[in-house]
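Taking it in order: structure first as structure tokens, then the write-up.
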Amino acid sequence: MTGFAQRLHATACEYRQADHPVDPLFVNRWSPRAFEAKAMPEGDLYTVLEAARWAPSAYNIQPWRFIYAMRDDAHWNVFLGLLDPFNASWAKNASALVFLVSDTLTPAHGASPAQPSRTHSFDAGAAWAQLALQATTMGYQAHAMAGIHFDEIRQRLAVPGNYRVEIAIAIGRQTDPRDLPPALQEREMPSPRLPLEEIAFSERFARDPDNADSMPLDDSVQGDQ
Numbered sequence: 060m061t062g063f064a065q066r067l068h069a070t071a072c073e074y075r076q077a078d079h080p081v082d083p084l085f086v087n088r089w090s091p092r093a094f095e096a097k098a099m100p101e102g103d104l105y106t107v108l109e110a111a112r113w114a115p116s117a118y119n120i121q122p123w124r125f126i127y128a129m130r131d132d133a134h135w136n137v138f139l140g141l142l143d144p145f146n147a148s149w150a151k152n153a154s155a156l157v158f159l160v161s162d163t164l165t166p167a168h169g170a171s172p173a174q175p176s177r178t179h180s181f182d183a184g185a186a187w188a189q190l191a192l193q194a195t196t197m198g199y200q201a202h203a204m205a206g207i208h209f210d211e212i213r214q215r216l217a218v219p220g221n222y223r224v225e226i227a228i229a230i231g232r233q234t235d236p237r238d239l240p241p242a243l244q245e246r247e248m249p250s251p252r253l254p255l256e257e258i259a260f261s262e263r264f265a266r267d268p269d270n271a272d273s274m275p276l277d278d279s280v281q282g283d284q
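The numbering used here applies: residue 60 is where the sequence shown begins, and numbers increase by one.
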């Protein structure tokens with residue numbers, strides 16, 4: 060990671076600390092809203108998308124597709140209008156906007172027709188993760204958004220019926236949070252993560268004490284967990 064990127068990500072190190080040894084890349088990746096209102100080289104966007112291209116997928120189907128606009132493109136405002144007003148209020152300063160869609164069908168193979176895919180969204184999530192991490196290594200940040208106009212995206216961007224609109228992604232260089240409205244300035248910090256012992260269990264799913272529905276009440280699972 061460059062010195063520039065390290066300076067921009069100082070807040071991540073301040074608010075986050077890994078409990079076990081991991082590459083700093085994973086801790087430094089976060090989703091800011093304060094972006095420099097500047098264009099990015101098209102080659103940089105291609106590099107970010109190239110990283111996503113190499114994500115794993117079930118049977119190597121690669122269901123992800125990316126539809127993008129650079130901030131200087133003629134259709135930039137069209138893409139911006141496909142976000143909900145809250146997200147558009149800050150994403151307007153991003154360098155690129157990307158919509159991620161995934162193919163809900165597995166391709167026909169031989170005599171077997173196309174079948175519904177159970178993993179298309181999971182696979183698309185893997186591609187998003189690689190995109191975001193690659194952006195971080197280059198001194199950019201990527202912020203995924205579900206606050207988007209799904210039906211309008213399908214219509215305006217000619218998304219085929221067998222594709223699911225997943226998320227929008229804003230990509231840009233992080234800047235001073237004081238450029239944001241006051242309400243957003245207060246939220247402009249990396250979020251924490253649950254402790255590992257709350258998300259990873261040996262042998263079987265452990266009961267969440269705050270969620271009685273997380274595990275069936277059965278005599279076979281009573282007692283010490």
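For each residue, glycine too, the CB sits at the ideal point set by N, CA and C. Since we're looking at a predicted model, the values are computed, not measured.
First through last residue of the alpha helix (DSSP H) which encompasses residue i
i	result
E109	E101 to R112
L159	Not the alpha helix (DSSP H): L159 falls in the beta strand (DSSP E), residues A155 to D162.
A185	H179 to T196
Q244	P241 to Q244
Burial state of residue i (16 or more Cβ within 10 Å)
i	result
F158	buried
A77	exposed
Q189	buried
R75	buried
P100	exposed
W187	buried
N87	buried
R246	exposed
Beta-carbon proximity of residue i to residue j, cut-off 8 Å
i	j	result
A183	S154	no
A93	Q233	yes
Q200	P91	yes
L192	S176	no
H208	D143	yes
H202	A229	yes
W123	A111	yes
L108	F85	no
Residues of its chain near residue i, where Cβ-Cβ distance is below 6 Å and the 5 sequence neighbours each way are ignored
i	result
E128	Note that residue 128 is Ala in the sequence shown here, rather than Glu. Taken in chain order, the residues that qualify are H134, W135, F138 and L156.
Q244	P236
P172	none
Residue-level contact to chain B via CB, residue i, 8 Å cutoff
i	result
P175	Going by chain labels, chain B is absent from the structure shown, which holds only one protein chain.
Cut-off 7 Å between Cβ atoms - residues of its own chain near residue i, not counting five sequence neighbours on either side
i	result
F145	G206
E225	L159, V160, S161, S180 and A183
V218	V160, I212 and V224
Segment limits, beta strand (DSSP E) that includes residue i
i	result
R223	Y222 to G231
A203	Q200 to M204
A133	A133 -> no beta strand (DSSP E), and no H or E assigned at all.
Counterpart residues of residue i in DSSP-defined beta bridges
i	result
Q174	T165
I207	L142
Contacting residues, own chain, Cβ-Cβ under 8 Å from residue i (five flanking each side not counted)
i	result
L141	F158, I207, H208, E211, I212, R215, L216 and A227
G282	Model confidence at G282 stands at a pLDDT of 33, short of 50, so the residue's coordinates are unreliable; what they give is reported in the following sentence. Closer than 8 Å at Cβ, skipping near neighbours: no residue.
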